[in-house]
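Asks: Submitted below is the structure of interest, expressed as structure tokens.
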Amino acid sequence: KCARPCICVKTLNKLREFCSDSKHPCNRVQDTGSQVSEKVSSCKSFEGSQNISNTNLLSKKTKSIYTPLELQFIEMKEQYKDAILCVECGYKYRFFGKDAEIAAKELNIYCHQDHNFMTASIPTHRLFVHVRRLVAKGYKVGVVKQMETAALKAAGENKSSLFTRKLTALYTKSTLIGEDILFDLDDPVDVEELTADVSDNYLLCICENKESLRDKKKGDVVIGIVAVQPTTGEVVFDSFQDSSSRLELESRVLRLQPVELLLPSDLSTQSERLISSITSVSLRDDRIRIERMEGIHFEYSHAFQLITDFYTRGVLDTTGSQLSIILNLDKPVICSLAAVIMYLKEFNLEKILYNPSNFKQLSSEAEYMTINGTTLKNLEILQNQTDMKTKGSLLWVLDHTKTSFGRRKLKKWVTQPLMKSSEINARLDAVSEILLSESSVFDHIQNHLCKMPDIERGLCSIYHKKCSTQEFFLIVSTLSCLETELQALFPAIRSQVKAPLLQMALLEIPELLSPVKHYLKILNEEAAKAGDKTQLFKDLTEFPTIRKQKDDIQKVISKIQFHLQEIRQIIKNPSAEYVTVSGQEFLIEVKNSLLSSVPSNWVKVGRYVKMSLIFVPAHRQNYNIILLLLLKCRYHFSEYYHSVLKAISHLATVDCIFSLAKVAKQGAYCRPVVQDKGKRIIIKKGRHPVIDVLLGEQDQYVPNSTNLSSDKERVMIITGPNMGGKSSYIKQVALITIMAQIGSYVPAEESIVGIVDGIFTRMGAADNIYKGRSTFMEELTDTAEIIRKATSSSLVILDELGRGTSTHDGIAIAYATLEHFIRDVESLTLFVTHYPSVCDLEKIYPEQVGNYHMAFLVNEEERSEDEENPEFITFLYQITRGVAARSYGLNVAKLADVPEEILKKAAHKSKELEGLINMKRSE
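Numbering of the sequence shown is given in the UniProt record's numbering, commencing with residue 1 and proceeding in unit increments.
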């Protein structure tokens with residue numbers, strides 16, 4: 001009992017030593033440099049565990065004494081309560097307690113009781129697989145490593161004490177970057193064992209500010225967001241006023257598709273409902289991870305202090321320009337950025353925020369078409385609404401990219417159609433050239449793209465100093481090969497490539513990558529692939545600083561090699577050489593029969609049937625010197641981060657152009673004519689791009705034309721039978737418009753598009769329990785948002801507005817809303833309805849409005865005069881002038897196998913009601 005207060009005091013003191021004196025949290029993840037540069041004796045993290053290893057501290061549950069390793073784990077877990085800890089123990093990583101139970105469940109590994117904790121383990125060489133699996137399921141994972149090998153430990157002064165261990169890495173969905181999760185180049189890995197690589201890994205931080213409201217209404221708020229991709233280096237921000245429906249926030253979340261959200265603990269009820277709604281529809285392994293921070297960290301005074309310290313102390317900013325850029329941002333954005341800085345410090349990834357001049361604003365109405373979250377969902381632009389997968393979406397149709405970074409850029413293109421005809425036509429010119437050119441240049445480039453690893457993420461891991469020698473060599477060799485390839489094609493590119501967008505990108509890439517080839521010259525390929533850091537560099541004539549450090553390393557290695565002569569004499573083996581086993585270098589193999597002749601201070605670290613592995617203590621100091629020197633000469637490559645990143649961006653653009661060219665080759669696609677002046681959408685024999693691909697060659701999609709123009713007919717009222725193709729038609733018009741402004745060919749014989757500034761849709765019928773809204777409330781909320789945002793240059797699509805309430809109220813709302821768009825907004829509008837009264841607007845506005853219906857044939861079955869059966873409908877899927885007299889809903893009921901007696905009763909009732917309505921009209 002007396003021991004417990006002592007233990008508590010020691011633990012508290014160690015926690016105080018670990019924490020920073022400042023208001024801001026220090027890095028919880030050890031930097032690569034500090035791992036080696038700090039001596040074991042000065043380690044503050046867990047050295048106290050060694051002092052209490054013999055203390056009779058009992059487990060309340062098992063009534064047995066904690067082992068030194070268990071005490072060490074308890075201390076670590078106190079600091080990282082929210083993480084699953086993988087603790088290195090020799091040749092395996094172990095999980096303890098609840099962590100072990102979670103790991104056993106998620107990784108399908110064995111879990112058992114060992115002393116006072118449940119425990120599970122994985123081999124060290126499979127760490128990257130299991131870390132990825134746990135992270136994919138939404139967990140934060142910490143990797144705790146031994147800070148010395150068994151050989152160094154045994155050769156040291158404290159060989160009987162507990163291994164010193166430190167948390168060397170933390171991983172979540174957005175911060176999955178580091179050596180622990182990388183693949184070895186030559187390691188055969190079953191791809192199915194790993195989680196699918198997500199194209200985007202955004203960490204999105206949301207901050208609310210009610211003080212900055214222009215028009216104060218209940219639930220309204222000003223929101224600032226910062227989204228970061230630590231794996232690629234991208235940083236975007238935005239600030240906007242949002243209503244209680246949070247449609248603006250929803251649009252941005254759906255566009256970014258973050259894998260992780262950083263939220264204040266006091267987020268508003270309306271925003272919490274939206275977050276719950278979005279996360280509820282995601283799949284098990286795709287679920288968004290949520291991290292909470294105390295509300296005080298989002299307060300402006302706290303954020304201002306943190307930002308000022310970060311950009312004046314942490315960044316070399318002598319002019320103050322970096323800080324000036326940040327302080328000119330809106331307050332909610334600054335608060336979000338401060339929270340992101342605090343969070344990324346835990347992972348040693350805050351460097352990605354050092355250069356605010358590279359930050360980009362997400363919403364720019366002058367540059368990109370407005371596509372809100374509702375439209376993204378309704379048009380299935382990024383994912384289908386059936387199983388939330390990419391297949392069946394517009395992105396799926398357009399994505400024929402060869403590289404991961406190209407795929408990420410194409411996704412941005414799809415969600416941000418351009419607003420300037422010059423930029424759109426530049427892309428179209430590039431696509432046209434690839435289609436028509438017979439130059440071999442494009443074949444060479446495409447072949448090279450197919451072999452590309454994800455160099456954008458690889459470059460970022462180098463920048464964060466979290467890459468292995470294998471990955472470093474892979475990235476450098478890939479970039480060098482690309483530079484050489486394009487340099488060889490330089491004359492052909494100049495003479496044969498005419499499209500300015502393509503020519504500029506292809507000519508600039510070699511210049512931006514010119515420093516890379518120097519690094520390839522100095523790298524030792526065999527050493528890099530083997531992970532041998534001592535022999536990583538072979539030629540340093542152009543790098544005097546690194547050369548000096550390399551020479552220092554060689555001097556130390558020479559000392560160790562010189563000592564080998566003496567070792568050979570001692571073990572009576574003139575051909576003995578140093579060996580490396582499981583990362584432990586400079587080991588000696590000695591026959592077991594000769595162990596008696598080995599000096600007593602030599603350390604045995606392994607034993608086989610005939611041989612034993614021996615570590616010579618004299619090498620301990622020299623080996624540590626090697627590691628320290630290597631830390632100084634690695635990662636100089638990251639100095640060229642921004643220029644290489646620009647080259648990768650150019651390459652991604654080229655990949656996207658090739659992808660759009662592949663789409664255009666599918667057949668019956670045309671180049672759209674895009675105009676700045678004149679609001680019009682003219683499509684001749686257009687097809688729905690997604691359905692056309694899904695049908696394939698077996699079923700031919702029925703093409704339809706569209707002719708909307710501001711100076712002629714700008715509104716189409718569309719009626720017709722259920723399942724007749726109305727919704728597919730209006731989606732087709734919207735998707736073709738988006739494709740045209742992306743810079744893609746479109747599925748039509750001919751297309752003319754005047755620049756559309758936004759596409760707004762109200763489709764479908766479903767409630768939203770998480771937001772507390774009924775089906776009709778959802779309809780009207782979306783409609784109200786469209787009324788506020790749509791302009792005369794917008795495309796508005798309303799599908800069966802008013803169906804969520806009584807017939808009279810529904811007709812009134814549909815009629816009044818459509819008339820508002822005809823008379824006041826003057827937007828291009830597609831309005832689908834089953835209300836005949838709405839069609840009367842054509843008589844009032846004959847020049848602006850046209851009535852259309854989806855054509856069909858009625859095939860009445862043979863029946864007796866007294867028998868009443870629903871008609872059988874043949875759909876023609878052809879848009880036709882005029883109003884459909886009826887919707888023929890009973891035909892759908894028949895197709896759905898509703899019982900015959902119910903159909904007959906419904907048919908009788910339908911005729912009866914139809915007769916009553918006709919009588920009232922005649923009166």
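Even for Gly, the Cβ is constructed at its ideal location relative to N, Cα and C.
Do the stretch 440-458 and the stretch 676-696 touch if we need at least three Cβ pairs shorter than 8 Å?
Replies: Flag = no, the stretch 440-458 and the stretch 676-696 do not touch.
Asks: Between which two residues does the beta strand (DSSP E) holding C89 run?
Replies: 83-89 is the span of the beta strand (DSSP E), which, as asked, contains C89.
Asks: Nearest-angstrom Cα distance between S910 and K789?
Replies: Roughly 40 Å between the two C-alpha positions.
Asks: State the DSSP-derived secondary structure class of V295, mapped to helix, strand or coil.
Replies: According to the sequence as given, residue 295 is Gly; it is not Val. In this structure, G295 counts as helix in the three-state DSSP scheme.
Asks: Tell me the DSSP secondary structure of G754 in three-state form.
Replies: If DSSP states are grouped into helix, strand and coil, G754 belongs with the strands.
Asks: In the structure shown, what three-state DSSP assignment does P264 receive?
Replies: Three-state DSSP puts P264 in a strand.
Asks: May I ask you to list the residues that DSSP assigns as paired with R165?
Replies: Beta-bridge pairing links R165 to Q146.
Asks: Within 10 angstroms of its Cβ, does M655 collect 16 or more other Cβ (buried), or is it exposed?
Replies: Correcting the residue type first, residue 655 is Asp in the shown sequence and not Met. With 16 or more other Cβ atoms within 10 Å, it is buried.
Asks: Do K145 and E106 have their CB atoms nearer than 9 Å?
Replies: No.
Asks: Quick one: give me the first and last residue of the beta strand (DSSP E) that T880 is part of.
Replies: From DSSP, the beta strand (DSSP E) with T880 extends over 872-881.
Asks: Give the straight-line distance between the Cα atoms of I109 and I84, rounded to the nearest whole angstrom.
Replies: Those two C-alpha atoms are separated by around 15 Å.
Asks: If you run the structure through DSSP and keep just helix, strand and coil, what is Q675?
Replies: Q675 falls in the strand class under three-state DSSP.
Asks: Can you list, in chain order, the residues of its chain with a C-beta nearer than 7 Å to that of D238? Leave out the 5 residues immediately preceding and following it.
Replies: Closer than 7 Å at Cβ, skipping near neighbours: I225, R252, Q361, L362, S363.
Asks: Would you mind reading off the limits of the beta strand (DSSP E) that contains V221?
Replies: That run of the beta strand (DSSP E) goes 221-229.
Asks: Run the CB neighbour count on E526, radius 10 Å, all protein chains shown included, and call it buried at 16 or more, exposed below.
Replies: So E526 ends up on the exposed side.
Asks: Quick one: what's got a C-beta closer than 7 Å to H130's C-beta in the same chain, skipping five residues either side?
Replies: Taken in chain order, the residues that qualify are L107, I122.
Asks: Apart from the five residues on each side of it in sequence, which residues of its chain come closer than 6 Å, Cβ to Cβ, to K905?
Replies: So the list is empty, once near-sequence residues are dropped.
Asks: Please look up how many angstroms separate the CB atoms of R408 and T232, rounded, as I've assumed it's under 8 Å.
Replies: Sure, about 7 Å apart at Cβ, within 8 Å.
Asks: What's the C-alpha gap between L876 and E291?
Replies: Roughly 52 Å separates the two Cα atoms.
Asks: Confirm, please, whether the CB-CB distance from V235 to F405 is below 9 Å.
Replies: In this structure, V235 does not lie closer than 9 Å to F405 by Cβ.
Asks: Quick check: the Cα distance between Y202 and T172, rounded to an integer number of angstroms?
Replies: When rounded, the distance between both Cα atoms is 11 Å.
Asks: Just how far apart, CA to CA, sit residue 935 and C205?
Replies: No answer is possible for residue 935: the residues shown for the chain start at 1 and end at 923.
Asks: For P574, does the count of other Cβ atoms within 10 angstroms reach 16, so buried, or fall short, so exposed?
Replies: Exposed is the call here.
Asks: Would you decide whether L916 is buried or exposed? Buried here means 16 or more other CB atoms lie within 10 Å of its CB.
Replies: With fewer than 16 Cβ atoms within 10 Å of its Cβ, L916 is classed as exposed.
Asks: Looking at the structure shown, is A120 part of a helix, part of a strand, or coil, going by DSSP?
Replies: DSSP places A120 in strand when its eight states are reduced to three.
Asks: Have a look at F128 and I475 and give me their C-alpha separation to the nearest angstrom.
Replies: Roughly 19 Å between the two C-alpha positions.
Asks: Quick check: what's the CA-CA separation for D799 versus T833?
Replies: Near 7 Å, if we compare the C-alpha coordinates of T833 and D799.
Asks: Below 7 Å CB to CB, which residues in the same chain sit around E101 once its five sequence neighbours on both sides are set aside?
Replies: Hits under 7 Å: C111, M118.
Asks: Tell me which residue opens and which closes the alpha helix (DSSP H) that I424 is part of.
Replies: Where I424 is concerned, the enclosing alpha helix (DSSP H) stretches over 421-436.
Asks: Report buried or exposed for M388, applying the criterion of at least 16 other Cβ atoms within 10 angstroms of its Cβ.
Replies: Exposed, by the Cβ-count rule.
Asks: Using CA coordinates, which residue listed in G725, E750, I742 is at the minimum distance from Q412?
Replies: Correcting the residue identity first, residue 412 is Lys in this sequence and not Gln. Looking at the Cα atoms, I742 is the closest of the given residues.
Asks: Between the alpha carbons of E912 and G720, how many angstroms are there, rounded?
Replies: Answer to the nearest angstrom: the Cα atoms are 21 Å apart.
Asks: Using only CA atoms, which one of P510, A814, I755 lies nearest to L645?
Replies: When only C-alpha atoms are compared, the closest one is P510.
Asks: Going by the CB atoms, is the gap between C86 and V135 shorter than 9 Å?
Replies: Not in contact: V135 and C86 (Cβ atoms no closer than 9 Å).
Asks: Go to D692, then tell me how far its alpha helix (DSSP H) extends in each direction, as first and last residue.
Replies: Per DSSP, D692 belongs to the alpha helix (DSSP H) from 689-695.
Asks: Does DSSP put D699 in a helix, a strand or coil?
Replies: Three-state result, D699: coil.
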